[in-house]
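Numbering (my numbering), first residue to last: 10 to 183.
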C-alpha cells in the first residue's frame with residue numbers, strides 16, 4: 010500500500026468518524042424536545058411557579074415523557090405529559106393494540122380511563138372532537154388530545170379542570 014493510499018484511508022476514516030460524531034452532537038436531548046412541547050415558562054405562567062422537572066425521557070422513538078412535581082405546605086401537585094408522534098402511534102397500532110387507527114387508539118385510551126376512574130369524559134372546548142378529559146373524584150385528571158402532531162396525554166393531581174384545560178391548549182397550540 011502506498012503512502013498516498015494510506016493517507017487517503019486515514020482521511021476517509023476520520024471523515025466517517027467526524028460525520029457520525031456530528032450527527033450525535035446535533036441530535037436534541039429528550040429534555041430539549043420536551044421543552045419545545047411545553048416550555049417550563051408556559052407551565053409556570055398557567056399553574057404557578059415552583060415546579061421541578063422530575064423526568065424527561067424518550068421512551069421509544071417518537072415517544073416523549075416529561076413530568077413535574079411541586080411540593081407545598083401539605084400539598085403535592087404533579088403534571089406528566091406523554092407525546093406519541095403519529096408514526097409512533099401507527100407503529101403501536103400495528104403491533105400492540107387492537108385499535109387499527111390513531112383515532113381508535115385515542116378512543117380506547119379515553120374509554121379505559123373512563124372505566125378505571127368510573128367517570129365520564131368531558132370534551133375540551135376549542136380543541137376539536139378528539140380532545141377529552143376524565144376526572145377522578147377531583148384528585149386526578151387525565152386528558153387526551155389527538156392532533157396532526159400526534160397524541161398528547163396529560164395527567165395531573167392537585168390541579169383544577171380549568172387549569173388542566175389551559176395546559177392542554179398550550180401543549181397542542183403551535
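Every residue gets a Cβ at the ideal spot worked out from N, C-alpha and C, and that includes glycine.
Remember, it's a predicted structure, so these values are computed and weren't measured experimentally.
What is the DSSP secondary structure of residue 139, counted as helix, strand or coil? Within the chain shown, numbered from 1, the residue matching residue 139 stands at position 130. If DSSP states are grouped into helix, strand and coil, residue 139 belongs with coil.
Taking DSSP as the reference, what is the three-state secondary structure of residue 125? Within the chain shown, numbered from 1, the residue matching residue 125 stands at position 116. DSSP places residue 125 in helix when its eight states are reduced to three.
Does DSSP classify residue 94 as helix, strand or coil? Working through the chain shown from its first residue, we reach residue 94 at position 85. DSSP places residue 94 in coil when its eight states are reduced to three.
With three or more beta-carbon pairs closer than 8 angstroms as the criterion, would you say the region 85-103 touches the region 56-70? yes
Using beta-carbon positions only, say whether residue 159 and residue 82 come within less than 7 angstroms of one another. As a working mapping, residue 159 is identified with position 150 in the chain shown. As a working mapping, residue 82 is identified with position 73 in the chain shown. Taking 7 angstroms as the Cβ cut-off, residue 159 and residue 82 do not qualify as a contacting pair.
For residue 79, tell me which candidate among 97, 60, 69 and 133 has the shortest Cα-Cα distance. On the chain shown, residue 79 is found 70 positions in, with the first residue counted as 1. With distances taken between Cα atoms, residue 79 lies closest to 60.
Proximity winner among 156, 41, 182 and 42, relative to residue 112 (alpha-carbon distances): Here residue 112 refers to the residue found at position 103 of the chain shown. For residue 112, the nearest C-alpha among the options comes from 156.
At which residues does the beta strand (DSSP E) containing residue 162 begin and terminate? Locating residue 162 in the chain shown gives position 153, where the first residue counts as 1. Run containing residue 162: 159-166, per the beta strand (DSSP E) assignment.
For the beta strand (DSSP E) that residue 78 lies in, which residues bound it at each end? Against the chain shown, residue 78 aligns to sequence position 69. Run containing residue 78: 72-81, per the beta strand (DSSP E) assignment.
Do residue 182 and residue 173 have their CB atoms nearer than 7 angstroms? Within the chain shown, residue 182 is the residue found at index 173, counting from 1. Within the chain shown, residue 173 is the residue found at index 164, counting from 1. No, Cβ-Cβ distance for residue 182 and residue 173 is not below 7 angstroms.
What is the DSSP secondary structure of residue 114, counted as helix, strand or coil? Position 105 of the chain shown holds residue 114. DSSP places residue 114 in helix when its eight states are reduced to three.
Which of the three DSSP states is assigned to residue 54 in this structure? The residue given as residue 54 occupies position 45 in the chain shown. Note: residue 54 maps to helix in three-state DSSP.
What are the start and end residues of the alpha helix (DSSP H) that includes residue 180? Within the chain shown, the letter at position 171 stands for residue 180. That run of the alpha helix (DSSP H) goes 170-181.
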